[in-house]
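Written below as structure tokens is the structure these notes are about.
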Amino acid sequence: CIGYYILGNRCTKEARTVDTDPLSPTRCLWLGHYGLYVPKQRTDHSVCQEAFVELCNQVTEAGPRYVAALCGSLLVVLGLVHFLCCLVANYAHIKDGIKLRDYEDAIKEELELSKLNH
């Protein structure tokens, strides 16, 4: 989503620059500036002119998909947190059950010992 935001802002800025100054230098996006690995064998480390416009169009079209993916990932995380809460509750219930059983066993032993003494 951060990459989408950065590319969207860059495309918007370039579109405004072209609208206000048609004689602006060529529109290019250097991939190395954004931390993307580009092999040394490639001489062109940039996306320029028509390819840049096409990339901006694809970024604009991909916006709703990025938002849907973000919402889906948040729902998955929420589901995992709910699952973890259920596991913790089950563990606590089992632990309390074991303590209760031990307590009941101790009471039964006390009752048996008291019956034997009388």
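Numbering (our numbering), first residue to last: -19 to 98.
Where is the CB? At the ideal position from N, CA and C, for every residue including glycine.
Here the structure is a predicted model, which means the values were calculated and not measured.
{"Item": "Decide if V39 is buried, meaning its Cβ has at least 16 other Cβ atoms within 10 Å, or exposed.", "Value": "buried"}
{"Item": "What does the Cβ neighbour count give for C36, buried or exposed, with the cut at 16 atoms within 10 Å?", "Value": "buried"}
{"Item": "Answer with buried or exposed for R(-4), where buried requires no fewer than 16 other C-beta atoms within 10 angstroms of its C-beta.", "Value": "exposed"}
{"Item": "Who pairs with V27 in a beta bridge, going by DSSP?", "Value": "L9"}
{"Item": "According to the neighbour-count rule (16 or more other Cβ atoms, all chains shown, within 10 Å of its Cβ), is C(-9) buried or exposed?", "Value": "buried"}
{"Item": "For P19, which of helix, strand or coil comes out of DSSP?", "Value": "coil"}
{"Item": "Count the other CB atoms within 10 Å of the CB of R7; is the residue buried (16 or more) or exposed (fewer)?", "Value": "buried"}
{"Item": "What residues in its chain sit with their C-beta under 8 Å from that of H25, if we drop five residues either side in the sequence?", "Value": "W10, L11, G12, V18"}
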